[in-house]
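In the working numbering, the protein residues as written are 25 to 138.
Ideal placement from N, C-alpha and C gives every residue a C-beta, glycine not left out.
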């Protein structure tokens, strides 16, 4: 565990009095994955291109590995970085996860999002 890093569940001690739902657990996992890769290169709570690349390869490798485009990370970074500060903040990260989730749903349902 990183120095100065607290596990997300410790921030939600009030939730520990009841069993967390699957969605609550998923939210915690998404937050932990994000904060696991921040602070290595750039700002404390954002992802640099390098940190984003590592997160994508390690956490979403199967989704990214199927791409034949060697510049896929550059394209993802450019699309995510809505404020063009060279960093991906938590809101931008959640937008990526939403888009990937929709794509997966469409793939498994055999449909395309509107």
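Hey, how far is the Cα of residue i from the Cα of residue j?
i: residue 133; j: residue 124; result: 14 Å
i: residue 75; j: residue 59; result: 10 Å
i: residue 114; j: residue 129; result: 22 Å
i: residue 25; j: residue 56; result: Below a pLDDT of 50, predicted positions are generally treated as unreliable, and residue 25, at 47, falls in that range; no measurement from the model is reported.
i: residue 121; j: residue 99; result: 15 Å
i: residue 141; j: residue 77; result: Lying before the first or after the last residue shown, residue 141 is absent from the chain, which here runs from 25 to 138.
i: residue 45; j: residue 53; result: 12 Å
i: residue 111; j: residue 50; result: 24 Å
i: residue 95; j: residue 101; result: 10 Å
Go to residue i, then tell me how far its alpha helix (DSSP H) extends in each direction, as first and last residue.
i: residue 96; result: 96-104
i: residue 69; result: That residue, residue 69, is in no alpha helix (DSSP H); it is neither H nor E in DSSP.
i: residue 51; result: 46-61
Please go through the same chain and pick out, in chain order, the residues whose beta-carbon is closer than 7 Å to the beta-carbon of residue i, but skip the five residues on each side of it.
i: residue 62; result: 68, 69, 70, 71 and 75
i: residue 106; result: 116
i: residue 64; result: 75
Got a sec? Which residues, its chain only, sit under 6 Å from residue i by beta carbon, not counting five neighbours each side?
i: residue 79; result: 61
i: residue 117; result: 58
Which residue from the options puts its Cα closest to that of residue i?
i: residue 103; options: 51, 45 and 73; result: 73
i: residue 97; options: 106, 108, 109 and 81; result: 81
i: residue 127; options: 84, 65 and 43; result: 84
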